[in-house]
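A.B. asks: Take a look at the following structure, please.
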Amino acid sequence: MDQLTIRASDLRQFVYCPRVVYYRYCVPVRPPPTYKMVEGKRQHEREEELEQRRGLHAYGLSDGERHFDVWLASDRLGLTGTLDMVILRRHEVIPVEFKQAQDKVLPETKVKRRAGIVRVSAPDDQDKEERPTPATPDPVDLHHKYQLAAYALLAEERWQKPARRCFVYLVSLRRALEVDITDGARRYVNRLLREMRRMILAQAMPDGTRQIGRCRECEYLRFCNDVDFLDDQD
Numbered sequence: 095m096d097q098l099t100i101r102a103s104d105l106r107q108f109v110y111c112p113r114v115v116y117y118r119y120c121v122p123v124r125p126p127p128t129y130k131m132v133e134g135k136r137q138h139e140r141e142e143e144l145e146q147r148r149g150l151h152a153y154g155l156s157d158g159e160r161h162f163d164v165w166l167a168s169d170r171l172g173l174t175g176t177l178d179m180v181i182l183r184r185h186e187v188i189p190v191e192f193k194q195a196q197d198k199v200l201p202e203t204k205v206k207r208r209a210g211i212v213r214v215s216a217p218d219d220q221d222k223e224e225r226p227t228p229a230t231p232d233p234v235d236l237h238h239k240y241q242l243a244a245y246a247l248l249a250e251e252r253w254q255k256p257a258r259r260c261f262v263y264l265v266s267l268r269r270a271l272e273v274d275i276t277d278g279a280r281r282y283v284n285r286l287l288r289e290m291r292r293m294i295l296a297q298a299m300p301d302g303t304r305q306i307g308r309c310r311e312c313e314y315l316r317f318c319n320d321v322d323f324l325d326d327q328d
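Put into structure tokens, the structure is as follows:
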């Protein structure tokens, strides 16, 4: 039996809240997109136009070949995804995702002087539920880091070059965040893919996120009957 193919964006959603993936794969409902989703898509299209006029200096690079909206697929991993942009260099391939800043606090002590790049790392093996938000939030959310790690695996297989780092470009801040892709993050992506397939094939509804504040703008909120905003501490 062929393994179930998972999208990289679903891996991100699984870390954010496993129920989103459950509803998408196991329940025949297609809720209308939220305003946030529609607006995000519009801004994303605008950003791609701007990126094509922008140089690689934003990423601290002097050379590289850019490709946009790149479809990636791996039968071996059972994984697919559309990458916003990929930078091809002689000895590496660099996945790039465009994101809205959403009031991120950038740790200035970690900012590279060249191009104002913030460097962070994709985590090693962790529980899929994110930890409570610290006083100084990480500039790249955990669920986005694992999506980037998935793109790194796809890009490496496609171009047969190492993808040791990715970039998140924060649109409103005009800042590039460099994310190191660790071996532990790669292993954890494969672990998450196995968990997702087990859940989907068993059609077993998982627990929702413990961070209830995330539920307020979720398109699947009306399908969850156990969310109590009175307990929301976000």
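Be aware that the sequence shown starts at 95, since it is given in this note's numbering, and climbs by one per residue. Ideal Cβ placement from N, Cα and C applies to all residues, glycine included.
Quick one: Cα of Pro112 to Cα of Asp178, how far?
C.D. replies: Distance between the alpha carbons of Pro112 and Asp178: 24 Å.
A.B. asks: What distance in whole Å lies between the Cβ atoms of Asp163 and Gln183, which are believed to be in contact at a cut-off of 8 Å?
C.D. replies: For the record, residue 183 in the displayed sequence is Arg; it is not Gln. So it is not a contact: roughly 19 Å between Cβ atoms.
A.B. asks: Going by CA-CA distance only, name the one from Arg170, Leu267, Asp169, Glu159 that's closest to Pro85.
C.D. replies: Absent from the model: residue 85. The displayed extent of the chain is 95 to 328, so no value can be given.
A.B. asks: Specify the secondary structure class of Glu250 as computed by DSSP and reduced to three states.
C.D. replies: In the structure shown, Glu250 sits in a helix (DSSP, three-state: H, G or I).
A.B. asks: Tell me, to the nearest whole angstrom, how far the beta carbon of Val234 is from that of Leu286; I am working on the premise that it is less than 8 Å.
C.D. replies: Not confirmed; about 17 Å, so no contact.
A.B. asks: Return helix, strand or coil for Ile188, following the three-state DSSP convention.
C.D. replies: Note: Ile188 maps to strand in three-state DSSP.
A.B. asks: Taking the alpha-carbon positions, what's the Tyr116 to Leu171 distance?
C.D. replies: Looking at the two C-alpha atoms, the distance is approximately 20 Å.
A.B. asks: To the nearest angstrom, how far is the alpha carbon of Leu105 from that of Val262?
C.D. replies: For Leu105 and Val262, the distance between alpha carbons rounds to 17 Å.
A.B. asks: Per DSSP, what kind of secondary structure is Asp301 in: helix, strand or coil?
C.D. replies: Here Asp301 sits in coil by DSSP.
A.B. asks: Quick one: give me the first and last residue of the beta strand (DSSP E) that Tyr263 is part of.
C.D. replies: Segment 259–264, the beta strand (DSSP E) holding Tyr263.
A.B. asks: Considering only the alpha carbon of each residue, which of Ser103, Arg281, Arg101, His185 lies closest to Pro256?
C.D. replies: It is His185.
A.B. asks: To the nearest whole angstrom, what separates the beta carbons of Gln107 and Arg291, a pair I think is in contact under 8 Å?
C.D. replies: With a Cβ gap of about 15 Å, Gln107 and Arg291 do not count as contacting.
A.B. asks: Measure the beta-carbon distance from Leu242 to Val265 and round it to whole angstroms, keeping in mind my assumption that it falls under 8 Å.
C.D. replies: With 8 Å as the limit, Leu242 and Val265 do not qualify as a contact, their Cβ atoms being about 16 Å apart.
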